[in-house]
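In this note's numbering, the protein residues as written are 188 to 385.
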């Protein structure tokens, strides 16, 4: 089943399995997922899980619900999407078996991934048209998947906050090659193209 990983300032505080069709999220104690923070409304958002698809609906919250930096009212979300509620970052996670069962590209078929340096073997599959990385308000990068390959560009943050192989990257997309080293706000990630069987 899909799960929601909740973190703040890069530290994971909880992971919640989405076992129900409707999962409420907010500051009040009667919510399914409780986030005790004044930036979070009492009844902030609602997660809908139907037939393997997950969507999030903002419940007219004061500070809004964001998916990949965009404020939303209701939107379907996918594996690896980044949600922001107040200062909290939430990431939707599926297992490779769920990908296969629900007709989404299986993890083994991912064309590329990012490997986090210093985090034993942790990898982020690049399956979406655009994958955002970083911390809003500090530095954010976007990795775009196109027919001809992958590119990276800075979408938020000061000059020099995003580097590719030691060279600063601006808002103009730069192509990525196998083995490239991305540095973003103190994190180091290696871009890897994955072998696919014919």
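Every residue gets a Cβ at the ideal spot worked out from N, C-alpha and C, and that includes glycine.
Distance, residue j Cα to residue i Cα
| i | j | result |
| --- | --- | --- |
| residue 216 | residue 364 | 47 Å |
| residue 386 | residue 225 | No statement about residue 386 is possible, as the shown extent of the chain runs from 188 to 385 and does not include it. |
| residue 243 | residue 203 | 15 Å |
| residue 231 | residue 211 | 8 Å |
| residue 241 | residue 319 | 19 Å |
| residue 331 | residue 313 | 9 Å |
| residue 220 | residue 213 | 7 Å |
| residue 346 | residue 252 | 28 Å |
| residue 362 | residue 339 | 7 Å |
Residue nearest to residue i in terms of C-alpha spacing, selected from the options
| i | options | result |
| --- | --- | --- |
| residue 196 | 250, 373 and 331 | 373 |
| residue 389 | 379, 309, 279 and 344 | With the chain running from 188 to 385 in the structure shown, residue 389 is simply not present. |
| residue 189 | 256, 266 and 213 | 266 |
| residue 301 | 270, 381, 256 and 348 | 381 |
| residue 299 | 354, 234, 366 and 379 | 379 |
| residue 366 | 269, 355 and 304 | 304 |
| residue 234 | 352, 250, 278 and 194 | 278 |
Boundaries of the beta strand (DSSP E) in which residue i is found, first to last residue
| i | result |
| --- | --- |
| residue 212 | 209 to 213 |
| residue 249 | Taken as a continuous stretch (DSSP letters only), residue 249 belongs to no beta strand (DSSP E), as it is neither H nor E. |
| residue 378 | 374 to 380 |
| residue 202 | 198 to 204 |
(request) With a floor of 3 residues, list each beta strand (DSSP E) that falls wholly inside the region 297 to 349, ordered by position along the chain. (result) If we require 3 residues or more, the beta strand (DSSP E) runs fully inside the region 297 to 349 come out as 299 to 303, 310 to 312, 317 to 322, 326 to 333 and 336 to 344.
(request) For the region 328 to 342 and the region 260 to 270, state whether three or more C-beta atom pairs, one from each stretch, are separated by less than 8 Å. (result) no
(request) Go through the region 217 to 265 residue by residue and report every complete run of the beta strand (DSSP E) that reaches 3 residues or more, in order. (result) 232 to 237, 240 to 245, 252 to 254, 257 to 259 and 261 to 264
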